[in-house]
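2 protein chains.
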Amino acid sequence: MARYRLTLEWDGRPYMGWQRQAHGPSVQQVLEEAAQSIVGEAVTAHAAGRTDAGVHARAMVAHFDTARELSPYRMAEALNARLRPHPVAVLSCDIVDDAWHARFSCIGRAYEYRICNRRAPLTFAKGLAWQVAVPLDAAAMTDAAQCLIGSHDFTTFRSVHCQAQSPMKTLDRLAVERCGEEIIVHAAARSFLHHQVRSMVGCLVLVGRGRWTKDDLAHALAARSRDALGHNAPPDGLYFTAANYPEN
Amino acid sequence: MARYRLTLEWDGRPYMGWQRQAHGPSVQQVLEEAAQSIVGEAVTAHAAGRTDAGVHARAMVAHFDTARELSPYRMAEALNARLRPHPVAVLSCDIVDDAWHARFSCIGRAYEYRICNRRAPLTFAKGLAWQVAVPLDAAAMTDAAQCLIGSHDFTTFRSVHCQAQSPMKTLDRLAVERCGEEIIVHAAARSFLHHQVRSMVGCLVLVGRGRWTKDDLAHALAARSRDALGHNAPPDGLYFTAANYPEN
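Protein chains in written order, with my numbering: chain A, 144 to 391; chain B, 144 to 391.
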């Protein structure tokens, strides 16, 4: 038996998210079917994080086990060949110890949220960024973001469907960067609540538009209530960008 | 009568190029139909440069005339509304003197060519970059590019369908930049021959792969023959990025 660790990139537009769903295509299904067609046996894939419908990945980490052993290079090549024409690619592949687990061994996750801050409709970035037509004050967003960093009860920024046992999370990084007409929000933590990044970004955009002050954001956090949420950003702009492990 | 100058962005994947074609959709057709539906009369659009099928634009400049005068802001908004769902957007719009012409007044044009230098298949960048799976030496490409800069007979790098009267062109800039797995080639000139950028990039990639030396590239240029061309890069990676005018 060999455990293959994969780094995956995918365009989330056609998918219901990572996890298998009865009502539509998922990245997990596409990957498992590609792997099964190579190894000739049922395969179950595990990822560092689940993602929502329409959310993208630049470097998701996943693994699966199989009795059929190929070199990591040949496995990556075979998977990429079978994944065509799906917009899912294996960026790297290695064989790891079977004590290692893509989800349970993961000690850090990072996301980027891409905002296209312009009046003109999106062309290349359609479905790949959140278009905000009114000018955003990125400096005000950076300033306000500071109150979310650290350990807090993030109930306000948590989906009603969240399965986490506790709403307490430690946010290690929340940085706002303007690059021309784009604003990128970088978020990093050991783990996140369901919808946490999108909910934080939605509220930061209220600050950037001048509708909320930094204090409004702090009060929303302190309220520990979904009713205090200002806005949940759409999935289009969200990218899973890194999973970190102790060996790294 | 008012002459409207537009800056346009488009994703070239669905189009036969800028110019109207009998056998498929073009950006000119999509733009003219949007304008006509606003002004209620026939409209002819002119662009700073024609582009091939599958080539993109980040900032193409074009103009059209109409007897129906709207403010530039309202014209841009109306065009963007009518252009949906086409991946063509008006980034800016103004009214200009009717002595000004998008093509004939243009004194400088710039392109970028995007290469994705990686083994894994493209996901987000499919149709938006040229994937080159073998490692490229960007420094060697930069070095070789120097021999193409300046005034030369570019017959080697010219399509057989090129309509220019002379193969002499002055290349002002040809720079190769590596950003992670991407290599961007920047090209600027008063004007280019048909396929010139793609043909230069195709040969620079031969240098980057180690198949051609800098001298091979210089000899190909000196041959002044299409037979000496090493490789023509696909349209996928090509972006029209700027048109310059005396007023700018």
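Idealized CB from N, CA, C, for every residue including glycine.
Comparing the C-beta of residue i with each C-beta of chain A, is any distance below 7 angstroms?
| i | result |
| --- | --- |
| T266(B) | yes |
| D280(B) | no |
| S223(B) | In the sequence as displayed, the identity of residue 223(B) is Asn instead of Ser. Output row for N223(B): interface = yes. |
| L174(B) | no |
| L234(B) | yes |
| A196(B) | no |
| A263(B) | yes |
Give the interface partners of residue i over in chain A, defined as CB-CB distance under 9 angstroms, in chain order.
| i | result |
| --- | --- |
| D154(B) | T266, F267 and K269 |
Could you name the residues that DSSP lists as bridge partners for residue i?
| i | result |
| --- | --- |
| D379(B) | Looking at the DSSP assignment, D379(B) forms no beta bridge with any residue, so it has no partner. |
| G293(B) | L314(B) |
| C305(B) | Its beta-bridge partners do not exist; DSSP assigns none. |
| H189(B) | H206(B) |
| T150(B) | V204(B) and S235(B) |
| W273(A) | I258(A) |
| E320(B) | I327(B) |
| A253(A) | A331(A) and A385(A) |
| A145(B) | T209(B) |
| G167(B) | Q164(B) |
| H199(B) | Y382(B) |
Please determine, among the options, the residue with the shortest C-alpha to C-alpha distance to residue i.
| i | options | result |
| --- | --- | --- |
| S235(B) | T384(B), V340(B) and P215(B) | P215(B) |
| L222(A) | A178(A), R369(A), D280(A) and W355(A) | A178(A) |
| S342(B) | L360(B), E325(B), R333(B) and G353(B) | L360(B) |
| Q158(B) | H329(B), M144(B), D195(B) and R261(B) | In the sequence as displayed, the identity of residue 158(B) is Tyr instead of Gln. Cα-wise, what sits closest to Y158(B) is D195(B). |
| G407(A) | D315(A), C305(A) and E176(A) | Summary: the structure shown does not reach residue 407(A), with chain A confined to residues 144 through 391, and so no result is reported for it. |
| C346(A) | L364(A), A332(A), E220(A) and R333(A) | L364(A) |
| A253(B) | A371(B), V340(B) and G351(B) | V340(B) |
| A376(B) | Y256(B), S334(B) and R369(B) | Y256(B) |
| L271(B) | V275(A), T266(A) and A272(A) | T266(A) |
| D396(A) | R301(A), A263(A) and F247(A) | No answer is possible for residue 396(A): the residues shown for chain A start at 144 and end at 391. |
| R156(B) | H199(B), P389(B) and A191(B) | H199(B) |
| L151(A) | A145(A), H338(A), D286(A) and D237(A) | D237(A) |
| R148(A) | I327(A), A282(A), F335(A) and A242(A) | A242(A) |
| A385(B) | H295(B), V182(B), H338(B) and A190(B) | A190(B) |
| E324(B) | D154(B), V231(B) and R261(B) | R261(B) |
| F247(A) | S368(A), A307(A) and G192(A) | G192(A) |
| P230(B) | L226(A), T298(A) and P264(A) | P264(A) |
| Q289(B) | V239(B), A330(B) and Y382(B) | A330(B) |
| G183(B) | V170(B), V204(B), R211(B) and R217(B) | R211(B) |
| H374(B) | E390(B), R352(B), F383(B) and Y388(B) | R352(B) |
Report the three-state DSSP secondary structure of residue i (helix, strand or coil).
| i | result |
| --- | --- |
| R227(B) | coil |
| M343(A) | helix |
| A268(B) | coil |
| A177(B) | helix |
| G351(B) | helix |
| H362(A) | helix |
| A242(B) | coil |
| Q162(A) | coil |
| A263(B) | coil |
| R369(A) | helix |
| N391(B) | Note that N391(B) scores 48 on pLDDT, short of 50, meaning its location in the model is unreliable; the coordinates nonetheless yield the value given after this. Coil. |
| D280(A) | coil |
| P215(A) | helix |
| E220(B) | helix |
| F247(A) | coil |
| T299(A) | helix |
| T194(B) | coil |
| T285(A) | helix |
For residue i, would you say it is in contact with chain B, using Cβ-to-Cβ distances shorter than 7 angstroms as the test?
| i | result |
| --- | --- |
| P230(A) | yes |
| N391(A) | For N391(A), the predicted structure reports a pLDDT of 48, less than 50, and the residue's modelled location is therefore unreliable. A value from the coordinates is still provided. Answer no: the Cβ-Cβ gap between N391(A) and chain B never drops below 7 angstroms. |
| A145(A) | no |
Residues of chain B with CB under 9 angstroms from residue i, in chain order?
| i | result |
| --- | --- |
| R227(A) | P264 |
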